[in-house]
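Chain order of the listed sequences is W, U, H and V.
Quick note: the first sequence, position 194, residue 194 per full-length UniProt numbering, numbers continuous.
Quick note: the second sequence, position 504, residue 504 per full-length UniProt numbering, numbers continuous.
Quick note: the third sequence, position 92, residue 92 per full-length UniProt numbering, numbers continuous.
Quick note: the fourth sequence, position 203, residue 203 per full-length UniProt numbering, numbers continuous.
All C-beta atoms in this analysis are idealised placements derived from N, C-alpha and C, irrespective of residue type, glycine included.
Okay, structure first, notes after.
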Amino acid sequence: MMEKPLLEIQNLHVEFKSGKEVVRPIRGIDLKVNRRETVGIVGESGCGKSVTSLTVMGLLPEKTGRIADGSILFDGTELTALPEKAYRKIRGNDISMIFQEPMTSLNPVFTIGEQLSEPLRQHRKMGKKEIRETIISTLKQVGLPRAEQIIDEYPHQLSGGMRQRVMISLALLCQPKLMIADEPTTALDVTIQAQILELLKAIRGSNDMSLMLITHDLGVVAEMCDRVIVMYAGEIVEEAGVEAIFDRPLHPYTQGLMQSLPSNNERKGKLFSIKGQVPKPSEIGKGCAFANRCPHAFDRCFAEAPPVFSEAGHQSKCWLLDPVSKEGSRDESSIPIRS
Amino acid sequence: MKKGYFLAVLLVLSFVLAACTEGTAGDSESASDAKGEDGKQKDSIVIGFESDAATLIANSDVNYVTDAQIRSIYDPLIDRDGDTGEFVPVLAEEWENIDELTWRLKLKEGVKFHNGSDFNAEAAKFSIDYILDDANQSFYKSRWSDIKEVKVLSDYEVEIITSKPFPSLIERIADDLLIMDPVYVNDVGTEEASKKPVGTGPYEFVEWSRDNYLKLKAFEDYWAGPAKIKNVEFRYIPEFSTRLSAFVSGEIDMFKNVPVDSVEKIESDENSKIAETASARINYLALSTFSDGPMKDVKVRQAMNHAIDVDELLEAVLNGHGTKLTGPLSKINSGYTETDAYEYDPEKAKELLKEAGYDPESMELTLDTPNGRYPMDSQVAQAIAAQLQRIGITVNVQVNEWGAHLEKVRNREIKDMFILGWGPAFDAQSTIENLFTEAGPYSSFSEPGLEKKIYETNEMFDQDERYDGYAEIQKALVEQAAWVPLWQQSDMYAVRKDLDFKPKVDEKILPYEMSWEN
Amino acid sequence: MLDFVIKRVIQVGIVVLLALTVVFFLIRLSGDPTPLFLPPDAPREQIDEYRSKLGFDRPLLVQYGEFMKNAVQGDFGNSLRSKEDALGMVLQRLPATFQLAISALVLSLLISIPLGVLSAFKRNSIFDRIAVALTVIGQAIPSFWFGLLLIFIFAAQLKVLPSGGGGSIVHMILPTLTLAAYSIARFTRFTRSTMLDVLRKDFIRTAKASGVPTPRLIARYALKNSLIPIITLVALDLGTLLGGAVITEVVFSWPGIGRLLLQSLLNRDFPIVLAGVFIIALIYAVINFVADLLYAFVNPQIRVR
Amino acid sequence: MTIEIPEQPGSSRPAVTPGKQSKLAFLWSSLLHSWTGMTGFIIILLLLFLSLFGQWIAPFDPMHAEFSKKLLPPMTDGHLLGTDQLGRDILSRMIAGARISVIIGVMTVLIAGTFGTVVGIVSGYFRGWLDVVLMRIVDVQLSFPFILLVLVINAIIGTGLKNIILSLAIGGWVIFARVVRSEVLALREKEFITASVATGVPRIQILFKHILPNLFTPIIILSSLQIATYIIAEASVSFLGFGVQPPNPAWGNMLSEGKDYIFSSWWLITFPGVAIMITALGVNFFGDWLRDTLDPELKGE
């Protein structure tokens, strides 16, 4: 039997209140992260992937955001009901996070050392000297040169790539069980991106740690992940192993994403893009959230939300996969299954 | 935790303040001293003033505020009676007129300065010379410029020689001159003497905190006997409502210039009273003949006199606090003559205007007034405007800040009318000469024939001739309707009920003459 | 660093000199003060004589040259009214004004920073709403009116506090409160909005993700970041406090520089006005300079440059 | 290899204002949602209404003195707010005063705003030595507390309505110059400007076509907030004996005339003070709301 997953999210609903309106950025997602696994979460901005990660961290905006339903089981602990104080023991300790913007994610008025010592102060009983040594060794581990000096420098003295390395070392300090990386390379130069990804890969490999990688970049996913979860408008529309998804995307949205990825040998052609926009959470009706942009949508898609159809661990939420509704489809011939 | 925080705030704050205040915190309790416990003799007084003295050296600043304060430190040679304004001897025992250019004064013996040195003729000479010396930049100099020389005849006798007849010399001596110690001033220099004055007066200097207070204590060796009230503090409170608050709360015991509408409030307080006297300062509405306008016409000026109801102004605006004036001088003036008042008669006013060729309905006049210089000045101006409106004249009231107003008057920039005060005035000459000649802009009225008469009368030495001369002038001025006389200002003091205080016509405030009732 | 200091000192000098120049010409063009000092019966020749003694009859540029030559040596001439050294008179009043301005500043900071932080932290709560409403009122209330109100209540009616005057701590309570009212409101609003800004920043999320507890997050992380803009504002407002001191000093009979300046304006005592302008401009420039240094101290990005 | 999924448009601040119609509709709906903004808006409307139609609303002639009726307490003889020391109706004077306050606030903003904006644009857009000189002047003026400056200028140029407006404007233009300059500097760097420059559009044309329209919002916001400052400053200067002089029923003036009656007739000083406060409150509320709505980035200060 398989090991119990490290993180197991079930039927998670998150609500944001803004004024009198209630927005639901996450509407019933289920996902698992196994131990020592790298899971990629992909989707356009606004699809709920970042909210998912913040929810796991317990960092939803206090006044406005709340978990409406569902459970988050982390290493045997139910996080949704966890009091703040206990949650704090987990943050930065068992679960840590790397943010998208290395330029702004570090506090400009404190030295690297001051900021890096924070998780250790909170979670480990260490003397000052010990803290410093740990930080230096972690900084070295993420490949920063001059770690002994950098520890006393301010963020603005470092380049973007270096700062992201600092962020990674911050996440790494307490040897977490789960590391969440939210678009860790988006803000970086292409060359640096590759280095950071390499680093993350190496760290993942050398630690007893799971990695949840949030990105909109399918290239990154292909490079890094074991399993991929595709999110759209607050829902998971497809989930599969990395090869399965690239070989045979089932959901029209995933297919769209794939098409917008230029193949290596075909640069000249016009880039494909998915028409339309992600619906605002308030615009989502009762049907499939993607229906208004979906080239294959038919009546049922607008009337009823599709359930999850599962096929050997490859799951997708699309009526096209329903043997029954297939017959009702207007445009059967164009079911785009690449092979 | 919040409470603790608040306490910490208070604590820190008080430390900050304590650190800053060391110097001044010393003896601020004198005010509460003055209140005294029951049965205990009070011997202190705190007097509220609107502003600081400019300097504490005598014979320099003509400002009333300065004079009122230093008069307790310095003595004059001659003073005025508080009720009648007549001359009374102080450090000068006698004075006589040898000839038109020579005056002789006999001085009091045995008077000591606060520092122990003797008062003598040298001191009198020094004090006059101080005014005359250009280096001292005394503001009094212009009034004294006709003095040629002061001679010391003996230790207690001086002779004053003037370059031309100077009939009003005694007035100058009484109103301006205060006696300083030459030895002290020469020793420490004027700068120091301006800050730490030494005189022969009933009170000696203790401490002067600029813009804050001046503290004096009774001079035990005062020649007329030590003062009953031992400690005097003049406290400077520029804002009237604050001054009144300070009085109501008992921080100060008296202050001058109570606005008429606050009288009731003070009188209703069981610990307070109002002391009032008709002052030697007059308020008037000047009608400018210096600018080309309707006021050049005597009929228009007469019409103004008929159209303005002074009694109503007094009653309605000043609540009756003021004494109606009918001519150019108040009764206090030595040369006063009874003149006929213009009756309030709007119909006649309209007639006169028509005779002069003006249609009141289409007349538009400007009335300039200072604000807060004289009792209810800007209100009076607005009320006058309202009265003139009744006969159809449109009056634009232009309220000026005092400095600007005075400058406008001096520069003869005022179009039709303005409100001004004059005083304290006791003699006919200074008022008439300064107000009704071409050289004096303060009423902006002059008439060549009258002007000649004025200068002739000024030179007269015979007191009777002089009197008659001024009487004629006064009558002529009334006929000419040189201005609209308003009233003798009423000086009103807010005073503690148990303070024995009698206001003086010349605005002097002398704690020496005050005492606390038991 | 030294470069910076030298540059700023020169800048301060230029600013002060220019300020003096402008005020000098404005004042000289405004009219002639001599009649205000002489007795009303002074004849015209006397006034002219006095005027020429003071040098007001010379060409403006000559007067200006003379004035500047003396002013740079710290000589602003003597007060026309009291004949004392004008600069000396201003300097003499300075401690009282500082005492008032600084205690008001301290009071404002002590009240407004915690209030602003709390208000930001408890955003949109009842507490926050009340605090915001109070701060808007605090900025809307004319200070002399507020001062008179305080005097009326505490001095005249309750008779618990003195109505004014320099002296002990009790004398300071009402004027400090009056002067501080505006800055308390302003600082609170500013602290609140700055804090809100900072709390939204990515690095605060980073700290949270490191497991930093909230009180520490606010006290150590957010506050230090907010401090930079707050210091700038406080420096700018110290000038406002000095300016507001005029009104407060008049209302509460406080023996400070503002009252002297007002009195001198009313009296047309120009040497004092000029000396006062000089001192205030200088103080203001120095405060800004110090603020810049402080700014550099809390903001490492500037320090290194 | 990295291809980004297109970002949702409209997330960043649009550089050029959208159509008038939609903007007004947007402002209105935002106003309906903000009680402070609405309060401020209503107060301002009321103020404008009073200043335009006050003379027909006022129960009495604000300048008419009726000595027999002086210092009547509120609610007597048809005088809702009582009478003053000359027996003039306080309510009528307050209504007339609204007009003066509006004139002072608006005129000052117009003069100071226009002048400051021109200086700010010249300085920020053309840079060079002119910028250095102008900003040095601004620094000099900023080296002096606003209220003191206004006081000194007013004492020097003289009192009265015109002069107080002029004094306030002389004291106030620097703020506009500063803000406009920094806005212009920021705009200069924006892509659409750089693009226009690159395509050879004349500088003047860029100024009028791109820079000016974008300055509108910050200037409107600043103006609305400054009006309150000016109204309070005028009252303060009047209190100190300068400013608008009686018999003009400016609120500051009424306060300064009425303060001597604080013990005997509280209504003289209470009502104008409250009026100033409410006005400043309203203008501030409105200005804050405007800023938060039009330019969230400015929220700090």
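### Message
In the DSSP assignment, the alpha helix (DSSP H) including U:Ile68 goes from what residue to what residue?
### Response
Taking the second sequence and counting its residues from 1, the one referred to as residue 68 of chain U is at position 68. The question names Ile, but residue 68 of chain U in the sequence shown is Ala. It spans Tyr64 to Ile70 - the alpha helix (DSSP H) in which U:Ala68 sits, taken as one unbroken run.
### Query
How long is the line joining the alpha carbons of U:Ser138 and V:Ile95, rounded to whole angstroms?
The residue labelled residue 138 of chain U in the question sits at position 138 within the second sequence. The residue labelled residue 95 of chain V in the question sits at position 95 within the fourth sequence. CA-CA distance, U:Ser138 to V:Ile95, rounds to 50 Å.
### Query
Got a sec? Which residues, its chain only, sit under 8 Å from U:Lys453 by beta carbon, not counting five neighbours each side?
Counting from one through the second sequence, the residue named residue 453 of chain U turns up at place 453. Taken in chain order, the residues that qualify are Gly469, Glu472, Ile473 and Ala476.
#### Entry: Extent of the continuous alpha helix (DSSP H) run through residue 339 of chain H
The shown model of chain H, from 1 to 305, leaves out residue 339 of chain H, and the question about it has no answer.
### Task
Please go through the same chain and pick out, in chain order, the residues whose beta-carbon is closer than 6 Å to the beta-carbon of W:Ile335, but skip the five residues on each side of it.
Here residue 335 of chain W is taken as the residue at index 335 of the first sequence, counted from 1. With a pLDDT of only 45 at W:Ile335, under the threshold of 50, the placement of this residue in the model should not be trusted; the figure read from the coordinates follows. Shown here for W:Ile335: not one same chain residue has a beta carbon closer than 6 Å to its own, the five before and five after excluded.
### Query
Taking one C-beta from the region 76 to 83 of chain W and one from the region 118 to 134 of chain W each time, how about it: are there three or more such pairs within less than 8 Å?
Too few Cβ pairs lie closer than 8 Å, so no.
### Task
Go through its chain and collect everything with a Cβ distance to H:Thr214's Cβ below 6 Å, but skip five positions before and after it.
The sequence position of residue 214 of chain H within the third sequence is 214, counting from 1. Nothing listed; no residue qualifies.
### Query
So who's on the other strand from V:Val119, going by DSSP bridges?
Numbered from 1 along the fourth sequence, position 119 holds the residue referred to as residue 119 of chain V. In the DSSP output, where bridge partners are listed per residue, V:Val119 has none listed.
### Bridge-paired residues (DSSP) for U:Trp418
To locate residue 418 of chain U, count along the second sequence from 1; it is residue 418. For clarity, residue 418 of chain U is Phe in the given sequence; the question names Trp instead. According to DSSP, U:Phe418 shares a beta bridge with U:Ala286 and U:Asp368.
### Whole-number beta carbon distance between U:Ile282 and U:Gln488, since they are thought to touch under 8 Å
As a first step, residue 488 of chain U is located in the second sequence; it is residue number 488 there, counting from the start. As a first step, residue 282 of chain U is located in the second sequence; it is residue number 282 there, counting from the start. Confirmed, about 6 Å.
### Query
So, are the CB atoms of V:Ser101 and V:Thr270 less than 8 Å apart?
Within the fourth sequence, the letter at position 101 stands for residue 101 of chain V. Within the fourth sequence, the letter at position 270 stands for residue 270 of chain V. Contact: no.
### Task
Have a look at U:Asp336 and H:Ser103 and give me their C-alpha separation to the nearest angstrom.
The residue labelled residue 336 of chain U in the question sits at position 336 within the second sequence. The residue labelled residue 103 of chain H in the question sits at position 103 within the third sequence. As written in the sequence, residue 336 of chain U is Tyr, which differs from the Asp given in the question. Straight-line spacing of the CA atoms in U:Tyr336 and H:Ser103 works out to 58 Å.
#### Entry: Backbone secondary structure at V:Pro213 - three-state DSSP
Taking the first residue of the fourth sequence as 1, we reach residue 213 of chain V at position 213. In the structure shown, V:Pro213 adopts helical secondary structure according to DSSP, grouped into three states.
### Query
Hey, does H:Gly166 have any beta-carbon neighbour from chain V nearer than 8 Å?
Within the third sequence, numbered from 1, the residue matching residue 166 of chain H stands at position 166. Taking Cβ atoms only, chain V never reaches closer than 8 Å to H:Gly166, which makes this a no.
### Message
Between U:Arg80 and chain H, is any beta-carbon pair separated by less than 8 Å?
### Response
Taking the second sequence and counting its residues from 1, the one referred to as residue 80 of chain U is at position 80. No, U:Arg80 does not count as interfacial toward chain H.
### Query
In terms of DSSP beta bridges, what is W:Gln122 paired with?
Working through the first sequence from its first residue, we reach residue 122 of chain W at position 122. BP columns for W:Gln122 are empty, so no partner.
### Query
Would you say U:Phe247 faces chain V, with C-beta separation under 8 Å as the test?
Here the question's residue 247 of chain U lines up with position 247 in the second sequence. Proximity of U:Phe247 to chain V, defined by a Cβ-Cβ separation below 8 Å, is not satisfied.
### Task
Would you verify that the beta carbon of H:Gly244 is, or is not, closer than 8 Å to some beta carbon of chain V?
Within the third sequence, the letter at position 244 stands for residue 244 of chain H. Chain V has a Cβ within less than 8 Å of the Cβ of H:Gly244.
### Message
Below 8 Å on the Cβ atoms is my contact criterion, and I expect U:Phe49 with U:Tyr236 to pass it. Report the Cβ-Cβ distance as a whole number of Å.
### Response
Position 49 of the second sequence, counted from the start, is the residue given in the question as residue 49 of chain U. Position 236 of the second sequence, counted from the start, is the residue given in the question as residue 236 of chain U. U:Phe49 to U:Tyr236, Cβ: 5 Å. Contact.
### Task
State whether the region 393 to 408 of chain U contacts the region 361 to 381 of chain U, with contact taken as three or more CB pairs (one from each stretch) at a distance under 8 Å.
Touching, yes, given that three or more Cβ pairs across the two stretches are closer than 8 Å.
### Message
Cβ closer than 8 Å: which chain V residues qualify as neighbours of U:Asp261?
### Response
Here residue 261 of chain U refers to the residue found at position 261 when the second sequence is read from its first residue. Those within 8 Å of U:Asp261 in chain V are Leu71, Gln85, Asp260, Tyr261, Ser264 and Ser265.
### Query
What does H:Val212 touch in chain U if you count any residue whose Cβ is under 8 Å from its own?
Counting from 1 along the third sequence, the entry for residue 212 of chain H is found at position 212. Here the premise fails: no neighbours, minimum Cβ distance about 20 Å.
### Query
How many Å lie between W:Gly234 and V:Lys23 at the Cα?
Translated into positions along the first sequence, residue 234 of chain W becomes position 234. Translated into positions along the fourth sequence, residue 23 of chain V becomes position 23. The alpha-carbon of W:Gly234 is positioned some 31 Å away from that of V:Lys23.
### Proximal residues of chain U, C-beta to C-beta of V:Phe67 below 9 Å
By 1-based counting over the fourth sequence, the position of residue 67 of chain V is 67. Those within 9 Å of V:Phe67 in chain U are Glu312, Leu313, Glu315, Ala316, Val317, Ala383 and Ala386.
### Message
Since W:Met212 and W:Ile236 should fall inside the 8 Å C-beta cutoff, what is the C-beta to C-beta distance between them, to a whole number of angstroms?
### Response
Locating residue 212 of chain W in the first sequence gives position 212, counting from the first residue. Locating residue 236 of chain W in the first sequence gives position 236, counting from the first residue. The distance from the Cβ of W:Met212 to that of W:Ile236 is about 13 Å, inconsistent with a contact at the 8 Å cut-off.
### Unbroken stretches of the alpha helix (DSSP H), 4 residues or longer, contained in the region 243 to 300 of chain U
Runs found: 263 to 267.
### Query
Any residues in the region 119 to 147 of chain V with a beta carbon nearer than 9 Å to a beta carbon of chain H? Which ones, in chain order?
The residues in question are Arg136, Ile137, Asp139, Val140, Gln141, Leu142, Ser143, Phe144, Pro145, Phe146 and Ile147.
### Task
Determine, using beta carbons only, whether V:Pro249 comes closer than 8 Å to chain U.
Position 249 of the fourth sequence, counted from the start, is the residue given in the question as residue 249 of chain V. Taking Cβ atoms only, chain U never reaches closer than 8 Å to V:Pro249, which makes this a no.
### Coil, strand or helix - V:Gly54 by DSSP
Position 54 of the fourth sequence holds residue 54 of chain V. V:Gly54 falls in the helix class under three-state DSSP.
### Neighbour list for U:Asn63 in chain V, Cβ cutoff strictly below 9 Å
Numbered from 1 along the second sequence, position 63 holds the residue referred to as residue 63 of chain U. Under the 9 Å cutoff, chain V gives no residues; its nearest Cβ is about 17 Å from U:Asn63.
### Query
Looking only at C-alpha atoms, which of V:Ile219, V:Asn163 and V:Ile262 sits nearest to V:Val174?
Numbered from its first residue, the fourth sequence carries residue 174 of chain V at position 174. Minimum Cα distance to V:Val174 is reached at V:Ile219.
### Message
Once DSSP output is grouped into helix, strand and coil, what is the label at U:Gly23?
### Response
As a working note, residue 23 of chain U is residue 23 in the second sequence. Legend: pLDDT at U:Gly23 = 39, less than 50; position of this residue unreliable, value from coordinates given subsequently. Shown here, U:Gly23 sits in coil according to DSSP, grouped into three states, outside any helix or strand.
#### Entry: Beta-bridge pairing of V:Thr83 - partner residues as DSSP gives them
On the fourth sequence, residue 83 of chain V is found 83 positions in, with the first residue counted as 1. Looking at the DSSP assignment, V:Thr83 forms a beta bridge with V:Asp89.
### Task
Would you mind sorting V:Ala155 into buried or exposed? The rule is 16 or more other CB atoms within 10 Å of its CB.
Locating residue 155 of chain V in the fourth sequence gives position 155, counting from the first residue. Burial is judged here by how many other beta carbons sit within 10 angstroms of a residue's own beta carbon; V:Ala155 has at least 16 and is buried.
### Message
Could you check whether the region 157 to 171 of chain V touches the region 179 to 198 of chain V, counting it as contact only if at least three pairs of C-beta atoms, one from each stretch, sit closer than 8 Å?
### Response
Between the region 157 to 171 of chain V and the region 179 to 198 of chain V there are fewer than three inter-stretch CB-CB distances shorter than 8 Å, so the stretches are not counted as touching.
### Query
Whose CA, out of W:Glu44, W:Val51, W:Glu15 and W:Leu7, lies closest to the CA of W:Leu31?
Against the first sequence, residue 31 of chain W aligns to sequence position 31. W:Leu31 has its Cα closest to that of W:Leu7, out of W:Glu44, W:Val51, W:Glu15 and W:Leu7.
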